[in-house]
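First comes the structure, then the notes that go with it.
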Amino acid sequence: MASFTLAVNYAFGGLALPGYRPFNIAVHLLCGLALYGVVRRTAASAALAFTCALVPNMAKGHNNLGTALKVVGRLQEALAHYRRALEIDSSYVLAHKNLALLLVDLGDLVAAVDHLVAIARLRPDDQQAQYAAGNALRAIERWEAAAASYRRALAIDPDFAAARQGLAGVLQQKDAQF
Numbered sequence: 300m301a302s303f304t305l306a307v308n309y310a311f312g313g314l315a316l317p318g319y320r321p322f323n324i325a326v327h328l329l330c331g332l333a334l335y336g337v338v339r340r341t342a343a344s345a346a347l348a349f350t351c352a353l354v355p356n357m358a359k360g361h362n363n364l365g366t367a368l369k370v371v372g373r374l375q376e377a378l379a380h381y382r383r384a385l386e387i388d389s390s391y392v393l394a395h396k397n398l399a400l401l402l403v404d405l406g407d408l409v410a411a412v413d414h415l416v417a418i419a420r421l422r423p424d425d426q427q428a429q430y431a432a433g434n435a436l437r438a439i440e441r442w443e444a445a446a447a448s449y450r451r452a453l454a455i456d457p458d459f460a461a462a463r464q465g466l467a468g469v470l471q472q473k474d475a476q477f
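The sequence shown maps to residues 300 to 477 in our numbering.
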């Protein structure tokens with residue numbers, strides 16, 4: 300905790316440096332992240348919101364603000380910022396992940412699955428991404444797509460036992476329906 304407090308002091312020290320410009324994006328982003336680290340989440344949200352106002356097309360800023368807002372329970376605002384991050388950069392994997400987790404929390408599993416599948420598409424060589432997509436697709440009973448995701452995970456690592464079990468479960472479910 301002491302190192303985070305030190306980070307906050309250094310970050311805010313940047314606001315008082317000679318030659319500081321009030322629109323120094325990096326300083327405000329750093330302040331927001333440092334505040335988040337010392338559990339001053341409301342202040343972090345304000346600093347990150349200011350960063351997003353200064354640079355409205357910075358995906359990382361919107362993603363970070365979404366995370367800070369989620370933690371303080373402002374879920375709909377968090378949702379909007381994660382979506383904004385993805386409008387700016389549709390290949391931003393961390394924003395897809397954060398949005399998927401929030402959608403699960405909000406009970407919208409179908410929408411969450413779309414983002415987990417997007418991550419798997421963006422990271423075709425990541426066995427964990429393929430496996431997570433398979434699990435998500437299985438949860439909404441999209442058997443063929445789930446099987447394909449598990450097979451991709453197994454193509455990357457044939458010894459991936461969890462993916463093998465997932466595939467077996469999907470194939471059993473599929474057989475049981477026909």
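Cβ coordinates follow ideal geometry from the N, Cα and C atoms, glycine included.
Secondary structure at residue 440, three-state DSSP: helix, strand or coil?
Counting from one through the sequence shown, the residue named residue 440 turns up at place 141. Three-state result, residue 440: coil.
Looking only at its chain, what residues have a beta carbon closer than 7 Å to the beta carbon of residue 444, apart from the 5 residues adjacent to it on each side?
The count along the sequence shown starts at 1 and reaches residue 444 at position 145. Answer for residue 444: 436, listed in chain order.
By Cβ distance, which residues of its chain are closer than 7 Å to residue 345, with the 5 residues on each side in sequence left out?
For the purposes of this step, residue 345 is taken as residue 46 along the sequence shown, with counting starting at 1. Hits under 7 Å: none found.
Near residue 390, which residues of its chain fall below 6 Å by C-beta distance, leaving aside the five closest residues on each side in sequence?
As a position in the sequence shown, residue 390 is number 91, starting the count at 1. 421.
Three-way DSSP call (helix, strand, coil) for residue 459 in this model
Locating residue 459 in the sequence shown gives position 160, where the first residue counts as 1. The answer is coil: DSSP assigns residue 459 none of H, G, I, E or B.
State the Cα-Cα distance for the pair residue 474 and residue 452, rounded to the nearest angstrom.
Residue 474 sits at position 175 when you count from the first residue of the sequence shown. Residue 452 sits at position 153 when you count from the first residue of the sequence shown. Near 21 Å, if we compare the C-alpha coordinates of residue 452 and residue 474.
Rounded separation between residue 362 and residue 399 - CA only:
As a working note, residue 362 is residue 63 in the sequence shown. As a working note, residue 399 is residue 100 in the sequence shown. Spanning the two alpha carbons is a distance of roughly 12 Å.
Taking the alpha-carbon positions, what's the residue 415 to residue 396 distance?
Here residue 415 refers to the residue found at position 116 of the sequence shown. Here residue 396 refers to the residue found at position 97 of the sequence shown. Taking the straight line joining both Cα atoms gives about 7 Å.
Beta-carbon proximity check, residue 442 vs residue 469, cutoff 8 Å:
Looking up residue 442 in the sequence shown gives position 143. Looking up residue 469 in the sequence shown gives position 170. Yes, the pair counts as a contact, with Cβ atoms nearer than the cut-off.
Inter-residue spacing [alpha-carbon to alpha-carbon] between residue 383 and residue 353
Stepping through the sequence shown from its first residue, residue 383 is reached at position 84. Stepping through the sequence shown from its first residue, residue 353 is reached at position 54. Cα-Cα distance, rounded: 15 Å.
Give me the Cα-Cα distance between residue 424 and residue 418, rounded to the nearest whole angstrom.
Here the question's residue 424 lines up with position 125 in the sequence shown. Here the question's residue 418 lines up with position 119 in the sequence shown. So the two alpha carbons sit approximately 11 Å from each other.
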